[in-house]
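Numbering (mature numbering (1 follows the signal peptide of the UniProt record, and there is no 0)), first residue to last: -23 to -1, 1 to 548.
Note that CB positions come from ideal geometry on N, CA and C, so glycine has one too.
Contents: one structure, followed by commentary.
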């Protein structure tokens, strides 16, 4: 998420600011209003989630939303039910999930909604375990994903303006929504499903490049059958830029103060307060210190917000894993790639977003603490006595297994593999991976890309910032060094034992496109411009696409070019 995410220091004065809020609204903050209705407690779900003055209502009765975010695409499908049951057992009544366009349409016009991407099954499963759903279909979702969940093939258009009404972007969004939205309309609460709200985009107030864009997204959803409550989500200072008429504005928590509430009230009047992103920490990045949190401060803040009848969404309840190359990066400290773990990794002390479950779905001490908090503040619904409040059993922890070491039996060096690859692209100048003609014209999204060009002398190799993100430089098969965001020059030796030209090779790794910010339109990877040797631009490149996806890896086994490792020979 962006830099506008909560910093705990900003929460230290929360109590006094909440008192300001209550004074402004005159709202009754009593215990009787802290009801968290679940689907099984609502006789007529089709009435949906409504806004009535400063309250939410479900089935016509006042209710708060207590949600936790789980990204179905970051959790193996086999574990979805386990994670949802643990969310329910903790005391939540809603699951929030985001929909990554880049995973569902990895190539233009080719859609994937099966396996770990079977969104309809995940939503239906949430209802089976008695949870509501808040759905965030984008098209941009952030979520620390590569390009914020937008597909990289959009960047094949040199004039592309992401997150605007630029025709090339809206045409692609319309095609995507034509596939996505029909899959979820029957799962809305009005159709007796669990989806009670749909979020438009994500923190557009911080981007705000096109005032016509958010109304366009609203229309794109409504005309395709979205009938449930619509909402936007922004930080306090960005509320106006992200607001859409007749759409509920919600908050990504940084701080709540009188000015924020007055801004919110100025364009939507009295309304319930929903913290769409309440989080306890910031994302970790490769090469940076890990973030930590004080669970006591987090608990205090949550207790105070619940006491003042705020609805909230805990981001993340369970983070899961950035499988493959799905993780993005942040424009912090020049450039910071998101780590593979998107939840608490083992041991639990290694925190990431303060998730209440570890990356592998185990309980944390904070889970138990929050479970006790939610039970202490929850009161029965209007139709249930205290003894009838549903308390689902807490699922048992899954047994741990120690697996034997995996011994690699075969290997092939990159240089030996080159003759077996698809024909390289021949180009006078460097070409970024997005603009390659691979993948039926959708370009290369992730992985590595190898550039080869012949040189006849050594000297100073200069990237001028055109290596995105990390380039390992070789002279023939000899490793020379690295060019990246921080290192832009490298001395290339002249090999005295070699006459004629030598092969300069630059193996560039895409470490994840920016997940947010105004520069996402520039996020092309590989060599994005000229590379200079002794101030002269290099020319005549062979370019190999190395996506490193399962099909790419599987093509080598078995293959006569593979060599046995020492383990396979019993050494």
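Inter-residue spacing [alpha-carbon to alpha-carbon] between residue i and residue j
{"i": "residue -3", "j": "residue 206", "result": "At residue -3, the pLDDT of 45 sits below 50, so the modelled position is not reliable and the matter cannot be decided from this model."}
{"i": "residue 166", "j": "residue 111", "result": "11 angstroms"}
{"i": "residue 443", "j": "residue 136", "result": "19 angstroms"}
{"i": "residue 182", "j": "residue 212", "result": "8 angstroms"}
{"i": "residue 424", "j": "residue 447", "result": "11 angstroms"}
{"i": "residue 49", "j": "residue 509", "result": "45 angstroms"}
{"i": "residue 432", "j": "residue 379", "result": "51 angstroms"}
{"i": "residue 519", "j": "residue 127", "result": "28 angstroms"}
{"i": "residue 499", "j": "residue 186", "result": "15 angstroms"}
{"i": "residue 89", "j": "residue 397", "result": "28 angstroms"}
{"i": "residue 236", "j": "residue 216", "result": "11 angstroms"}
{"i": "residue 108", "j": "residue 219", "result": "28 angstroms"}
{"i": "residue 385", "j": "residue 265", "result": "31 angstroms"}
{"i": "residue 116", "j": "residue 383", "result": "40 angstroms"}
{"i": "residue 276", "j": "residue 78", "result": "34 angstroms"}
{"i": "residue 404", "j": "residue 449", "result": "20 angstroms"}
{"i": "residue 239", "j": "residue 223", "result": "18 angstroms"}
{"i": "residue 248", "j": "residue 285", "result": "13 angstroms"}
{"i": "residue 33", "j": "residue 225", "result": "11 angstroms"}
{"i": "residue 613", "j": "residue 146", "result": "There is no way to answer for residue 613, as the model of the chain reaches only from -23 to 548."}
{"i": "residue 334", "j": "residue 142", "result": "39 angstroms"}
{"i": "residue 103", "j": "residue 60", "result": "10 angstroms"}
{"i": "residue 229", "j": "residue 282", "result": "14 angstroms"}
{"i": "residue 342", "j": "residue 75", "result": "26 angstroms"}
{"i": "residue 64", "j": "residue 57", "result": "11 angstroms"}
{"i": "residue 35", "j": "residue 347", "result": "24 angstroms"}
Neighbourhood of residue i by C-beta, 7 angstroms cutoff - its chain only, sequence neighbours within 5 removed
{"i": "residue 221", "result": "177, 191, 192, 195, 209"}
{"i": "residue 37", "result": "24"}
{"i": "residue 436", "result": "469, 510, 511"}
{"i": "residue 540", "result": "387, 388, 389"}
{"i": "residue 19", "result": "35, 36"}
{"i": "residue 287", "result": "250, 252"}
The alpha helix (DSSP H) enclosing residue i, as first and last residue numbers
{"i": "residue 193", "result": "190 to 199"}
{"i": "residue 107", "result": "From DSSP, residue 107 is part of no alpha helix (DSSP H); its letter is neither H nor E."}
{"i": "residue 290", "result": "Residue 290 -> not in any alpha helix (DSSP H); beta strand (DSSP E) instead, spanning 288 to 295."}
{"i": "residue 279", "result": "272 to 284"}
{"i": "residue 50", "result": "Note, residue 50: premise wrong, no alpha helix (DSSP H); not H, not E."}
{"i": "residue 347", "result": "342 to 354"}
{"i": "residue 154", "result": "144 to 157"}
{"i": "residue 461", "result": "Counting along the chain, residue 461 falls outside any alpha helix (DSSP H), though it belongs to the beta strand (DSSP E) covering 455 to 461."}
{"i": "residue 415", "result": "415 to 418"}
{"i": "residue 58", "result": "57 to 67"}
{"i": "residue 218", "result": "216 to 219"}
{"i": "residue 174", "result": "That residue, residue 174, is in no alpha helix (DSSP H); its beta strand (DSSP E) goes 172 to 176."}
{"i": "residue 210", "result": "Element bounds for residue 210: not the alpha helix (DSSP H) but the beta strand (DSSP E), 206 to 211."}
{"i": "residue 81", "result": "78 to 81"}
Per-residue burial, residue i [other beta carbons within 10 Å of its own, 16 or more giving buried]
{"i": "residue 554", "result": "The structure shown does not extend to residue 554, since the chain is modelled only from -23 to 548, so the question has no answer here."}
{"i": "residue 455", "result": "exposed"}
{"i": "residue 619", "result": "Because the chain here runs from -23 to 548, residue 619 falls outside it and cannot be looked at."}
{"i": "residue 461", "result": "buried"}
{"i": "residue 511", "result": "exposed"}
{"i": "residue 478", "result": "exposed"}
{"i": "residue 253", "result": "buried"}
{"i": "residue 522", "result": "buried"}
{"i": "residue 91", "result": "exposed"}
{"i": "residue 307", "result": "buried"}
Whole-number beta carbon distance between residue j and residue i, since they are thought to touch under 8 angstroms
{"i": "residue 517", "j": "residue 439", "result": "Between residue 439 and residue 517 the Cβ distance is about 18 angstroms, and since that is not below 8 angstroms, they are no contact."}
{"i": "residue 374", "j": "residue 340", "result": "6 angstroms"}
{"i": "residue 305", "j": "residue 490", "result": "6 angstroms"}
{"i": "residue 29", "j": "residue 93", "result": "Contact flag wrong, Cβ pair sits at about 38 angstroms."}
{"i": "residue 96", "j": "residue 71", "result": "Not confirmed; about 16 angstroms, so no contact."}
{"i": "residue 484", "j": "residue 427", "result": "5 angstroms"}
{"i": "residue 351", "j": "residue 68", "result": "3 angstroms"}
{"i": "residue 295", "j": "residue 320", "result": "6 angstroms"}
{"i": "residue 413", "j": "residue 452", "result": "No, residue 413 and residue 452 are not in contact; Cβ-Cβ is about 24 angstroms, not under 8 angstroms."}
{"i": "residue 262", "j": "residue 180", "result": "That belief does not hold up - the Cβ atoms of residue 262 and residue 180 are roughly 19 angstroms apart, past 8 angstroms."}
Start-to-end residues for the beta strand (DSSP E) that takes in residue i
{"i": "residue 519", "result": "518 to 523"}
{"i": "residue 226", "result": "225 to 229"}
{"i": "residue 375", "result": "It is not in any beta strand (DSSP E) - residue 375 carries neither H nor E in the DSSP assignment."}
{"i": "residue 35", "result": "32 to 35"}
{"i": "residue 422", "result": "Run containing residue 422: none; DSSP gives neither H nor E here."}
{"i": "residue 244", "result": "Element bounds for residue 244: not the beta strand (DSSP E) but the alpha helix (DSSP H), 235 to 245."}
{"i": "residue 484", "result": "479 to 486"}
Contacts around residue i, its chain only, beta-carbon distance under 8 angstroms, and the 5 residues preceding and following it disregarded
{"i": "residue 198", "result": "114, 154, 158, 175, 177, 207"}
Proximal residues to residue i (C-beta, below 6 angstroms), its chain only, five neighbours per side dropped
{"i": "residue 445", "result": "502, 505"}
{"i": "residue 411", "result": "129, 132, 133, 420, 501"}
{"i": "residue 15", "result": "70, 107"}
{"i": "residue 392", "result": "454"}
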